[in-house]
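Visitor: Numbering (the numbering used here), first residue to last: 114 to 480. For glycine and all other residues, C-beta sits at the position ideal for the given N, C-alpha and C. Computed from a prediction, not measured in an experiment: that's the story for all the values here. Take a look at this one; I'll ask things after.
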Amino acid sequence: MHPLFSSNRSFLAVLFFWLVISVFVAMLLVLIVQEVEVTNLYAQSFTLVVPWYLLFLFVCFSNFYICQLLPLNSSSVLVIIAVQWMATASSVGLWLLVGYLWSGEMVHFGFSDGRKLFLHAFNANWLLGAILYLIWILVHYVYFSAVSKERENSQVLQQKLLINDIEFKSVKAALHPHFMYNSLNMLANLSLVAPEKIHTICVQMADFLRYSVNYSKKERVTITDEINHIKNYLAIEQERFAEHLTVKFSVDKQVNERPVMPLLLFPLVENSIKHGIDSSTDPGFINIDIHTKDQRLIIHIENSFDKTGKRAASTGLGLVMLHKRLKAYYGSDATLRSDASDTCFKVQIDLPFSPAEPFTTSQLVTN
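Here is the structure:
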């Protein structure tokens with residue numbers, strides 16, 4: 114079905130525009146045949162032209178299906194030119210035949226000079242008909258080009274979202290077993306030396322896992338949500354490392370309700386634990402600083418690092434996958450930088466300072 118028929122408003126707009134064209138053509142016809150003796154010239158011109166040209170609108174619509182069968186990107190240019198030339202010639206020819214017959218029928222409505230009017234303006238009508246038909250060919254091809262581009266962009270977006278979703282799930286699948294393994298070992302040890310702590314640790318583990326499962330399905334969460342999530346994680350890890358781990362938070366109050374993508378902080382903090390604290394025999398620290406600067410949200414995480422310490426096994430998913438997710442959500446407007454020295458490892462994320470407001474679906478940004 115022609116796309117104009119799918120919307121009453123669009124169809125009526127085109128119909129009105131075409132009616133205006135028909136009126137102008139009727140006026141033009143009056144100017145062309147002024148030297149010819151025709152009674153009631155204006156009435157006969159409008160009676161001939163308006164219904165006849167309105168019919169031609171639907172003739173032009175039919176070219177939509179020819180353009181659909183001969184797309185520009187997969188058809189030979191010569192074939193398109195040949196077929197469209199034949200379509201133009203046959204369509205305009207049939208339309209002129211209808212005009213000839215209609216000019217003869219006008220006598221039944223009291224207009225005896227319809228045929229004379231038609232023949233005298235024949236050249237002007239076939240030229241106008243050919244031009245209008247060619248314009249509709251161009252309109253149809255522009256429409257198909259736009260639809261094709263939109264479909265292509267939609268497919269690329271769907272593919273990116275699918276890839277990002279798979280990658281996100283792979284990160285969760287890789288991180289949770291590592292966390293559960295360490296936590297269960299810690300609970301086993303606590304059951305022997307401090308069983309009264311087990312309940313609190315289990316509640317924190319449940320909150321941590323609940324957030325990972327439920328909040329990860331959302332498009333956006335708040336900084337407060339993310340802070341509470343990693344506080345649960347760090348509380349469990351501090352029970353495991355005891356005085357071996359010191360954590361310091363510095364978070365501006367104005368950023369608490371600012372929206373960010375889910376599970377933004379956990380890969381950073383987990384990386385600090387796994388490759389910083391856990392790989393060293395000396396006491397270590399994690400400093401988490403979240404603030405604003407020049408209308409940007411800055412997340413800075415710093416942890417102690419022992420260059421000579423044991424190296425933890427790495428899947429390579431953490432920071433790499435976080436970087437891909439940042440690009441999927443924020444495009445080029447987000448940056449992730451890291452810097453390592455002999456004693457310290459730093460990671461900084463720079464994000465747009467999004468307004469604290471409800472989210473709509475389809476707010477993802479692709480690069």
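(1) Within 8 Å, do at least three Cβ pairs link the segment 263-270 to the segment 181-197?
(2) So, with DSSP's three-state summary, where would you put Trp198?
(3) What is the rounded straight-line gap between the Cα of Leu464 and the Cα of Ala243?
(4) Quick check on His312: buried or exposed, where buried means 16 or more other Cβ atoms within 10 Å of its Cβ?
(5) For Val400, which residues in the same chain have their Cβ closer than 6 Å to its Cβ, ignoring the five residues on either side in sequence?
(6) Out of Ser417, Pro372, Leu132 and Ser204, which has the shortest C-alpha to C-alpha gap to Val162?
(7) Would the segment 221-231 count as touching the segment 250-260 if we require 3 or more Cβ pairs under 8 Å?
(8) Expressed to the nearest angstrom, what Euclidean distance is found between the alpha-carbon atoms of Leu303 and Asp455?
(9) So Gly397 is in the beta strand (DSSP E); what residue range does that whole segment cover?
(10) Give me the Cα-Cα distance between Leu439 and Gln367, rounded to the nearest whole angstrom.
(11) Among Phe466, Phe354 and Lys437, which residue has its Cα nearest to the Cα of Leu274?
(12) Taking all protein chains shown into account, decide if Pro396 is buried (16 or more other Cβ within 10 angstroms of its Cβ) or exposed.
(13) Using only the alpha-carbon positions, how far apart do Phe379 and Glu339 sit?
(14) Which residues in the same chain as Tyr324 place their Cβ atom closer than 6 Å to its Cβ, once the five residues preceding and following it in sequence are excluded?
(15) From what residue to what residue does the beta strand (DSSP E) around Ser175 run?
(16) Using 9 Å as the threshold, is the C-beta distance between Val316 and Met374 below it?
(17) Nearest by alpha-carbon distance to Val196: which of Leu209, Leu182, Leu207 and Trp208 is it?
(18) Report the residue from Phe177, Phe235, Val382 and Asn176 whose alpha carbon sits nearest the alpha carbon of Lys344.
(19) Does the beta-carbon of Arg450 have 16 or more other beta-carbons within 10 angstroms, so that it is buried, or is it exposed?
(20) Ordered along the chain, which non-local residues of its own chain (more than five positions away) have a Cβ less than 8 Å from that of Phe466?
(21) Please classify Gly429: does DSSP put it in a helix, a strand, or coil?
(22) Can you tell me the Cα-Cα spacing of Ser158 and Pro164, whole angstroms?
(23) For the beta strand (DSSP E) holding Arg122, just list the boundary residues, first then last.
(24) From Gly429 to Gly389, what distance separates their C-alpha atoms?
(25) Please state if the CB of Phe169 and the CB of Trp208 are separated by a distance shorter than 9 Å.
(26) Quick check: the Cα distance between Ile462 and Lys310, rounded to an integer number of angstroms?
Guide: Working from what's here:
(1) no
(2) In the sequence shown, residue 198 corresponds to position 85, counting from 1. Reduced to three states, the DSSP call for Trp198 is helix.
(3) Locating residue 464 in the sequence shown gives position 351, where the first residue counts as 1. Locating residue 243 in the sequence shown gives position 130, where the first residue counts as 1. Looking at the two C-alpha atoms, the distance is approximately 56 Å.
(4) For the purposes of this step, residue 312 is taken as the residue at position 199 of the sequence shown. It is exposed - the Cβ of His312 has fewer than 16 other Cβ atoms within 10 Å.
(5) For this step, residue 400 is matched to residue 287 along the sequence shown. Per the sequence shown, the amino acid found at residue 400 is Asn instead of Val. Around Asn400: Lys361 and Glu415.
(6) On the sequence shown, position 49 is the one that residue 162 refers to. Looking at the Cα atoms, Leu132 is the closest of the given residues.
(7) no
(8) On the sequence shown, residue 303 is found 190 positions in, with the first residue counted as 1. On the sequence shown, residue 455 is found 342 positions in, with the first residue counted as 1. Looking at the two C-alpha atoms, the distance is approximately 34 Å.
(9) The residue given as residue 397 occupies position 284 in the sequence shown. First-last of the beta strand (DSSP E) with Gly397: Gly397 to Lys406.
(10) Stepping through the sequence shown from its first residue, residue 439 is reached at position 326. Stepping through the sequence shown from its first residue, residue 367 is reached at position 254. So the alpha carbons of these two residues sit roughly 22 Å apart.
(11) Taking the first residue of the sequence shown as 1, we reach residue 274 at position 161. Of the listed residues, the one whose Cα sits closest to Leu274 is Lys437.
(12) Residue 396 sits at position 283 when you count from the first residue of the sequence shown. Pro396 comes out exposed.
(13) Within the sequence shown, residue 379 is the residue found at index 266, counting from 1. Within the sequence shown, residue 339 is the residue found at index 226, counting from 1. Whole-angstrom Cα-Cα distance: 8 Å.
(14) Taking the first residue of the sequence shown as position 1, residue 324 is located at position 211. Excluding residues within five positions, the ones whose Cβ falls inside 6 Å are His342.
(15) As a working note, residue 175 is residue 62 in the sequence shown. Element bounds for Ser175: n/a, residue is neither H nor E.
(16) Start at 1 with the first residue of the sequence shown, and residue 316 comes out as number 203. Start at 1 with the first residue of the sequence shown, and residue 374 comes out as number 261. No.
(17) One-based indexing of the sequence shown puts residue 196 at position 83. If we check each option's Cα against that of Val196, Leu182 comes out closest.
(18) For the purposes of this step, residue 344 is taken as the residue at position 231 of the sequence shown. When each option's Cα is compared against that of Lys344, the closest is Val382.
(19) Counted from its first residue, the sequence shown places residue 450 at position 337. When all chains shown are included, Arg450 counts as exposed.
(20) Here residue 466 refers to the residue found at position 353 of the sequence shown. Cβ within range, chain order: Arg371, Thr405, Gln408, Arg409 and Leu410.
(21) Reading the sequence shown from its first residue, position 316 is the one you call residue 429. With a pLDDT of only 47 at Gly429, under 50, the local geometry of the prediction cannot be trusted, and the value read off the model is given with reservation. Coil at Gly429, not helix or strand.
(22) The count along the sequence shown starts at 1 and reaches residue 158 at position 45. The count along the sequence shown starts at 1 and reaches residue 164 at position 51. When rounded, the distance between both Cα atoms is 11 Å.
(23) Counting from one through the sequence shown, the residue named residue 122 turns up at place 9. Taken as a continuous stretch (DSSP letters only), Arg122 belongs to no beta strand (DSSP E), being part of the alpha helix (DSSP H) at Asn121 to Ile145.
(24) Sequence index remark: in the sequence shown, residue 429 carries index 316 (1-based). Sequence index remark: in the sequence shown, residue 389 carries index 276 (1-based). Unreliable positioning characterises Gly429 in this predicted model, as indicated by a pLDDT of 47, which lies under 50. The coordinate reading is nonetheless provided below. About 15 Å.
(25) One-based indexing of the sequence shown puts residue 208 at position 95. One-based indexing of the sequence shown puts residue 169 at position 56. Closer than 9 Å, so yes.
(26) Sequence index remark: in the sequence shown, residue 462 carries index 349 (1-based). Sequence index remark: in the sequence shown, residue 310 carries index 197 (1-based). Near 35 Å, if we compare the C-alpha coordinates of Lys310 and Ile462.
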